[in-house]
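There are 2 protein chains.
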Amino acid sequence: MKLKLISPASYRTHPSPFESDLRSDGKRMTPQRKKVLSLFEEIGSGIHLSAEEVHSKLTISGEKVSLATIYRTLRLLVKMTFLNELDLSEGGNRFELLSHDHPDHHHLICIRCGRTEEFENNNVINAGKAAAKNFGFKLLESSLNVRALCPKCSNK
Amino acid sequence: MKLKLISPASYRTHPSPFESDLRSDGKRMTPQRKKVLSLFEEIGSGIHLSAEEVHSKLTISGEKVSLATIYRTLRLLVKMTFLNELDLSEGGNRFELLSHDHPDHHHLICIRCGRTEEFENNNVINAGKAAAKNFGFKLLESSLNVRALCPKCSNK
DNA sequence: TCCCTCGTTGCAAACTGTTCTCATTACGCT
DNA sequence: AGCGTAATGAGAACAGTTTGCAACGAGGGA
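Protein chains in written order, with our numbering: chain A, 1 to 156; chain B, 157 to 312.
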């Protein structure tokens, strides 16, 4: 099985922070990893994809990456803080590009139909900071999940 | 297989809110349901158990309740708002007794060792309320999960 | 540039947490 | 007490995720 290779030069000329972080850890840059990260970069932050969705999006655009590799890569990207992992209860975990300069955003989830809205609120972030400080924890990220019924579903 | 029965009188004399809610919905009070709820009541609020933990705790104290029933009962108790369901990512969901007179409480979770601390903060609750109102959602409950490193784990 | 090493991949099998199926039991109304 | 039907137990089924292993290939050294 032949992989469509990304020419090494194309990423060697622009060594992304991801690539340098990888290298400094004895890890390697591979076409698969590149593809997964690119997908998230194209899609932008604030959109959440499940492992399965990442897999099918890549497959649709003609890129063959095995599901197991997707999982391994997502885990890696989360550990390296390039992606953010959300736990939205039902329907498996989702991942999104982590933008270090933006405040965490939070989710309003309809427990019946799954409709999800995002919002931001500094009070929430500060509450997380305060709590972390209080217990001596080092804060990584906070996520507020508000479980609710959307207008459509609450009329039933 | 014979079930160790709880005498009907013992709970008929003190019809718990759980029992009346059940009845009014055409559902039945069973020894199994009683046991699961009792376990949470003994343990108190603020402690989170997974389905598996509920199962083994009951088994250890000599109560035989099948795992499938545990799951069914937990789901039921959550739907009836006697228990609160937490989504703490890794290791499956956890449940805790819901105290209706307390504000939602939030969780500070060490992503490395799993240590979990609780805190309360009205700003968070208000943020959830505001967001729900803003999108026309009917709020059920909000939970803030702060992912962090505890003092022990951040020193590695 | 070619080689070699060892990190990475693909595949399939294994796991894990949860739900479902269905025969059997038993709650609770009368 | 009798009956209709909700609830249970046991195990199979399931979805999402992980792991084991043989084959591959990234990238540093000669």
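Built from N, CA and C at the ideal position, the CB exists for glycine as well. Computed from a predicted model, the values in this text were never measured in an experiment.
Under the 8 Å criterion on CB atoms, A:Leu22 is classed as non-interfacial with respect to chain B. The C-beta of B:Lys294 comes closer than 8 Å to at least one C-beta of chain A.
The three-state secondary structure of B:His263, taken from DSSP, is strand. DSSP, read as helix, strand or coil, puts B:Thr215 in helix. Residues of chain B whose Cβ lies closer than 7 Å to the Cβ of A:Phe135 are, in chain order, Leu264, Glu273.
Residue nearest to B:Lys220 within the set B:Arg228, B:Ile203, B:His211 is B:His211 (criterion: CA-CA distance). Contact annotation: A:His106 and A:Phe119 have beta-carbon atoms nearer than 8 Å. Among the residues of chain B, those whose CB is under 8 Å from the CB of A:Ser142 are Leu300, Asn301, Val302, Arg303, following chain order. Setting aside the 5 residues that flank it on each side, B:Lys285 is surrounded in the same chain by Leu295, each with a C-beta closer than 7 Å to its C-beta; the list follows chain order. Taking each of B:Ala287, B:Asn240, B:Ala304, B:Ala288 in turn and checking the Cα distance to B:Glu197, the smallest one comes out for B:Asn240. The C-beta separation of B:Asn279 from A:Val146 comes to about 14 Å, leaving the pair out of contact by the 8 Å criterion. Taken through DSSP and simplified to helix, strand or coil, A:Arg28 comes out as coil. One Cα belongs to B:Arg189, the other to B:Phe238, and the distance between them is close to 12 Å. CA-to-CA, the gap between A:Pro31 and A:Lys57 works out to about 16 Å. If you ignore the 5 residues before and after A:Thr73, its C-beta comes within less than 7 Å of the C-beta of Gln32, Arg33, Val36, all in its own chain and listed in chain order. Ranking A:Phe135, A:Gly136, A:Leu144 by CA distance to the CA of B:Ala283 puts A:Leu144 first.
Look at B:Arg271 here: in three-state DSSP terms it is coil, with no helix or strand label. Counting only residues of its own chain and dropping the five nearest sequence neighbours on each side, A:Leu22 has a CB closer than 8 Å to the CB of Arg28, Met29, Arg33, Met80. DSSP places A:Ser143 within a strand segment (E or B) once states are collapsed to three.
Listed by position along chain A, the residues whose Cβ is nearer than 8 Å to that of B:Val280 are Asn123, Val124, Ala127, Leu144. Note on geometry: alpha-carbon atoms of B:Leu264 and A:Ile70 lie some 29 Å from one another.
A straight line joining the alpha-carbon of A:Ser20 with that of B:Leu223 spans about 48 Å. Secondary-structure assignment with DSSP links B:Leu305 through a beta bridge to A:Lys138.
For A:Leu74, the enclosing alpha helix (DSSP H) stretches over residues 67-79. Here B:Ser206 carries a strand assignment [DSSP, helix/strand/coil].
For the pair B:Gly292 and A:Pro151, the CB atoms are nearer than the 8 Å cut-off.
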